[in-house]
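Per my numbering, residue 388 is the first one in the sequence shown, and the count goes up by one each step.
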Amino acid sequence: MTVAEATPDLEQVDRNDRAFLGHPKGLGYLGFTEGCERFSYYSMQTLLVLYMVNYLLVPERMDKVVGLQWVQQHIYHGISGQPLASAYEVLRGSTTIRAAGVNCSAPADIPAALRTAVAVTGLPGVAYPNRGEAWDHASHAWAGTGTFDPSEVRSWINAGAQLVGGCCRVGPADIAAVADVAAAS
């Protein structure tokens, strides 16, 4: 086969073909392909989260997941994992991570975990506790009484927090109180 035989005759292509909503029909193929790729990408992210929450991160399977000793002591009793300091160790020397800290944990657990994060990484600390209630996996709801107290912000700042806020069930009034305490510190 020669090059001439393998090369399509471009003169046969109708350059005025506007079969896709007034655009060249090749644009339709590109749009469809991109749509499939986006659907696959976002669907896989969602399916991964659903899998982790519903099948992997449940107490009876946690021993098969690399966990943290801190998580074992405070959330899932009975799993074995690594010390919290070794989890933060992976952040040390990172050129892309700008802060390290604690998110969505009970307020009472913040100071010790934050001191560990700051000491191990050398990065500014972040404290974003939840309301202090416990997550009930069976009912898929928060249970118990919240222990969030904005006056604890001083202990978070003393532990190295430079960014403070709130996570699950910490509302706007709580955040305003946190801001007042942080500004006074």
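All C-beta atoms, glycine included, are put in the ideal place defined by N, C-alpha and C.
Assign residue i to one of three DSSP states: helix, strand, or coil.
i      : result
Leu550 : strand
Asp496 : helix
Ala563 : helix
Ala406 : coil
Looking at the secondary structure, which residues open and close the beta strand (DSSP E) in which residue i lies?
i      : result
Val489 : 487-490
When we look at the beta-carbon of residue i and count the other beta-carbons within 10 Å, is it buried (16 or more) or exposed?
i      : result
Ile497 : buried
Gly409 : exposed
Ala571 : exposed
Leu417 : exposed
Tyr429 : exposed
Tyr475 : buried
Gly512 : buried
Ala510 : The question names Ala, yet the displayed sequence has Leu at residue 510. Its Cβ being crowded by 16 or more others within 10 Å, Leu510 is buried.
Leu471 : buried
Val557 : buried
Gly422 : exposed
Got a sec, what are the start and stop residues for the alpha helix (DSSP H) residue i sits in?
i      : result
Arg425 : 412-438
Leu471 : 471-476
So is residue i in contact with chain D if we call contact Cβ pairs under 8 Å?
i      : result
Ile497 : The structure shown contains no chain D; it is built from a single protein chain.
Whole runs of the beta strand (DSSP E) within the segment 502-561, excluding any shorter than 3 residues:
512-515, 521-523, 528-530, 548-551
For the 8 Å Cβ check, are there 3 or more pairs between the segment 516-525 and the segment 481-501?
The answer is yes - the segment 481-501 touches the segment 516-525, with three or more Cβ pairs under 8 Å.
So does the segment 527-538 actually touch the segment 499-512, counting three or more Cβ pairs closer than 8 Å?
These segments do not touch.
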